[in-house]
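Since the structure comes first, as structure tokens, the remarks are kept for the end.
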Amino acid sequence: MDLVFSPIDLDAQARLREAFDPDGLLNPGKILPEGSRCYDFDAVANLAS
Amino acid sequence: VTSPTLSSVLDNLPHAAGTDLAPDVPAVAPATAEDVAAVMAAATREGARVMVLGTGTHQGYGYPVAPDVVVATTGLTKVVDYEPDDLTLTVQAGVTLDEVAAVLATEGQTAVLPEDAGTATTGGVVAAGLSGWRRRRYGPTRDRVIEVELVTGDGRVVHAGGRVVKNVTGYDISRLATGSLGSLGIITMVTFKLWPGSSHTATIRVDAPAAAAPAFRPLAVLEEQAGVRVLLGGTDREVAGYVDAIDGKASEGLDWPDPPSGAYQFVMRLPAATLAAGVALIRELLPDAAFVAAHGVGDVRIGADHVEPDVAAELRSFAEKHLGSLVVADVPDEFRAGFDPWGALPDAMDLQRRVKAAFDPLGVCNPGRLPGRL
Numbered sequence: 002m003d004l005v006f007s008p009i010d011l012d013a014q015a016r017l018r019e020a021f022d023p024d025g026l027l028n029p030g031k032i033l034p035e036g037s038r039c040y041d042f043d044a045v046a047n048l049a050s
Numbered sequence: 044v045t046s047p048t049l050s051s052v053l054d055n056l057p058h059a060a061g062t063d064l065a066p067d068v069p070a071v072a073p074a075t076a077e078d079v080a081a082v083m084a085a086a087t088r089e090g091a092r093v094m095v096l097g098t099g100t101h102q103g104y105g106y107p108v109a110p111d112v113v114v115a116t117t118g119l120t121k122v123v124d125y126e127p128d129d130l131t132l133t134v135q136a137g138v139t140l141d142e143v144a145a146v147l148a149t150e151g152q153t154a155v156l157p158e159d160a161g162t163a164t165t166g167g168v169v170a171a172g173l174s175g176w177r178r179r180r181y182g183p184t185r186d187r188v189i190e191v192e193l194v195t196g197d198g199r200v201v202h203a204g205g206r207v208v209k210n211v212t213g214y215d216i217s218r219l220a221t222g223s224l225g226s227l228g229i230i231t232m233v234t235f236k237l238w239p240g241s242s243h244t245a246t247i248r249v250d251a252p253a254a255a256a257p258a259f260r261p262l263a264v265l266e267e268q269a270g271v272r273v274l275l276g277g278t279d280r281e282v283a284g285y286v287d288a289i290d291g292k293a294s295e296g297l298d299w300p301d302p303p304s305g306a307y308q309f310v311m312r313l314p315a316a317t318l319a320a321g322v323a324l325i326r327e328l329l330p331d332a333a334f335v336a337a338h339g340v341g342d343v344r345i346g347a348d349h350v351e352p353d354v355a356a357e358l359r360s361f362a363e364k365h366l367g368s369l370v371v372a373d374v375p376d377e378f379r380a381g382f383d384p385w386g387a388l389p390d391a392m393d394l395q396r397r398v399k400a401a402f403d404p405l406g407v408c409n410p411g412r413l414p415g416r417l
């Protein structure tokens, strides 16, 4: 997925998923890679620093 | 780094003519998605309401928007990519339907967009979810929007879908954006899947919709006050065969009906099987109105110089009883004040709210336009 979509595109899809499945219970990780949200990217950046 | 204020962002962008609907607010016409994004990001920071405007041909839908700024897509005028062999066309949102038709005419192809909205923009037609009369043959516009670039309410530039016709990657945000009426963001670019045009076309005037039965897949079967016309497209042999088989007065070419005009315009949607009863009711209640009813689809466009609120309410009640709808396309302000433009609320309003919030967290995009004043 991250070859096709930018982090912003994936984040938009993740937000849309949250509208339908706020708790992430339905097939988590099936369509969107784990860590698709912008804050996940931020978290990774913070870990590195 | 301090973020720029909305007013400083607007100062650096080309000004647009704006709209009579919001005459006293600044109007800009950015030429790039990045500039649109800068406006939206600043608008979200400052809580400023944004009205999205194309050429303003379909602004009568929904509740009125009272904006602080108007963002017109009319500066987004590039034809980005045309691949006749792949049957795809990518245009910026401000390209009009007439311009699309001119580009595609060179290869005899069609994007099957509404036949009578030449000055409307592609972005506006997609945002309004409009399909043309040929929906009976080709399905709705929604099914041909295979890629969008959408600037969200908080200024993210999101790409969804792709230019490959059979691309199925990710959630179908392109279809979600189609018909969203600028409530999720501003569509800045669209890719359409195309169809080859018909080598031969004909229009046959008949007495009743049932007369169209010999045609396997007519482009449209349209009923008006004055009668019914069957519009055909295909190979020479195919069309000639149908012209022979259908009892009526045939002419060459596609003779589309005039769009129903008048200060009062409605769109009624019914299950196809209920359409005949709906047309009978329109004839009874609005004998002087113009209408075009698309048989096999279930859409009726109605135009009249005057409609009483109780008559509109009776038509809506009929439509909703049959799981259809009657929505306002355009009416005078005084009528709008007493007649809901949408009718019955959709199910799951909380879900609708969450979907809007996923794209437009502060609700700055066309606020209040959608059912439930989302």
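These protein sequence lines map, in sequence, to chains A and B. For the first sequence, the positions run 2 to 50 when this note's numbering is used. For the second sequence, the positions run 44 to 417 when this note's numbering is used. Glycine included, C-beta positions come from ideal geometry on N, C-alpha and C.
Check: Amino acids of chain B, ordered along the chain, whose beta-carbon sits closer than 8 Å to that of arginine 132 (chain A); Outcome: Nothing can be reported for residue 132 (chain A): it is not among the residues displayed for chain A, which extend from 2 to 50.
Check: Inter-residue CB distance, threonine 164 (chain B) and alanine 136 (chain B) (contact presumed, cutoff 8 Å); Outcome: 6 Å
Check: Bridge-paired residues (DSSP) for tryptophan 238 (chain B); Outcome: B:Thr153
Check: Three-way DSSP call (helix, strand, coil) for glycine 204 (chain B) in this model; Outcome: strand
Check: Threonine 165 (chain B): first and last residue of the uninterrupted alpha helix (DSSP H) it sits in; Outcome: 165-170
Check: Beta-carbon proximity check, arginine 248 (chain B) vs glycine 291 (chain B), cutoff 8 Å; Outcome: yes
Check: First and last residue of the uninterrupted alpha helix (DSSP H) at arginine 397 (chain B); Outcome: 392-402
Check: For aspartate 159 (chain B) and proline 302 (chain B), the rounded distance between their alpha carbons; Outcome: 7 Å
Check: Validate contact between the segment 88-108 of chain B and the segment 362-376 of chain B using beta carbons, cut 8 Å, 3 pairs; Outcome: yes
Check: 8 Å contact criterion, which arginine 88 (chain B) and serine 46 (chain B) should meet: CB distance rounded; Outcome: 6 Å
Check: C-beta neighbour in chain A for valine 207 (chain B), strict 8 Å; Outcome: no
Check: Presumed contact (8 Å Cβ cut-off) between glycine 346 (chain B) and glutamine 308 (chain B), rounded CB distance; Outcome: 5 Å
Check: Unbroken beta strand (DSSP E) run spanning isoleucine 345 (chain B), endpoints; Outcome: 342-347
Check: Beta-carbon spacing of proline 157 (chain B), valine 146 (chain B) below 8 Å; Outcome: no
Check: Member of B:Ala356, B:Glu363, B:Val194 and B:Met311 whose CA lies at the smallest distance from the CA of glycine 341 (chain B); Outcome: B:Met311
Check: Presumed contact (8 Å Cβ cut-off) between phenylalanine 39 (chain B) and arginine 187 (chain B), rounded CB distance; Outcome: Beyond the ends of chain B as shown, which are 44 and 417, falls residue 39 (chain B); an answer cannot be given.
Check: Residue nearest to proline 57 (chain B) in terms of C-alpha spacing, selected from B:Met83, B:Ala91, B:Pro107 and B:Ala115; Outcome: B:Ala115
Check: Where arginine 397 (chain B) meets chain A, residues with beta-carbon distance less than 7 Å; Outcome: Ala20
Check: Chain-ordered neighbours of tyrosine 106 (chain B) on chain A, where CB pairs are closer than 7 Å; Outcome: Residues of chain A passing the Cβ test: none, with the nearest at roughly 22 Å.
Check: Assigned secondary structure, arginine 177 (chain B) (DSSP; H/G/I helix, E/B strand, else coil); Outcome: coil
Check: Continuous beta strand (DSSP E) stretch holding arginine 416 (chain B): start and end; Outcome: Premise fails: arginine 416 (chain B) is in no beta strand (DSSP E) and is neither H nor E.
Check: Bounding residues of the beta strand (DSSP E) (the contiguous stretch that carries glycine 196 (chain B)); Outcome: Element bounds for glycine 196 (chain B): n/a, residue is neither H nor E.
Check: Cut-off 7 Å between Cβ atoms - residues of its own chain near histidine 349 (chain B), not counting five sequence neighbours on either side; Outcome: Tyr307
Check: Any chain A beta carbon closer than 8 Å to tyrosine 214 (chain B); Outcome: yes
Check: Residue-level contact to chain A via CB, alanine 203 (chain B), 8 Å cutoff; Outcome: yes
Check: Where aspartate 10 (chain A) meets chain B, residues with beta-carbon distance less than 7 Å; Outcome: Val201, His202 and Ala203
Check: Glutamine 308 (chain B), DSSP secondary structure in three states; Outcome: strand
Check: Where lysine 31 (chain A) falls: helix, strand or coil (DSSP); Outcome: coil
Check: Contact with chain A by threonine 116 (chain B), beta-carbon distance below 8 Å; Outcome: no
Check: Sequence-distant residues of the same chain with beta carbon closer than 8 Å to alanine 80 (chain B), five excluded per side; Outcome: Val194, Gly198, Arg199 and Val200
Check: Beta-carbon contacts of alanine 91 (chain B) that lie in its chain and below 7 Å, excluding the five residues immediately before and after; Outcome: Leu49, Asp111, Val112 and Val407
Check: Exposed unless 16 or more other CB atoms sit within 10 angstroms - verdict on methionine 94 (chain B); Outcome: buried
Check: Check whether alanine 86 (chain B) and alanine 70 (chain B) have beta carbons under 8 Å apart; Outcome: no
Check: Among B:Gly172, B:Pro314 and B:Gln268, the one whose alpha carbon lies nearest that of arginine 326 (chain B); Outcome: B:Gln268
Check: Under the three-state DSSP convention, the category phenylalanine 334 (chain B) falls into; Outcome: strand
Check: Beta carbon of alanine 380 (chain B) nearer than 8 Å to that of tryptophan 176 (chain B); Outcome: no
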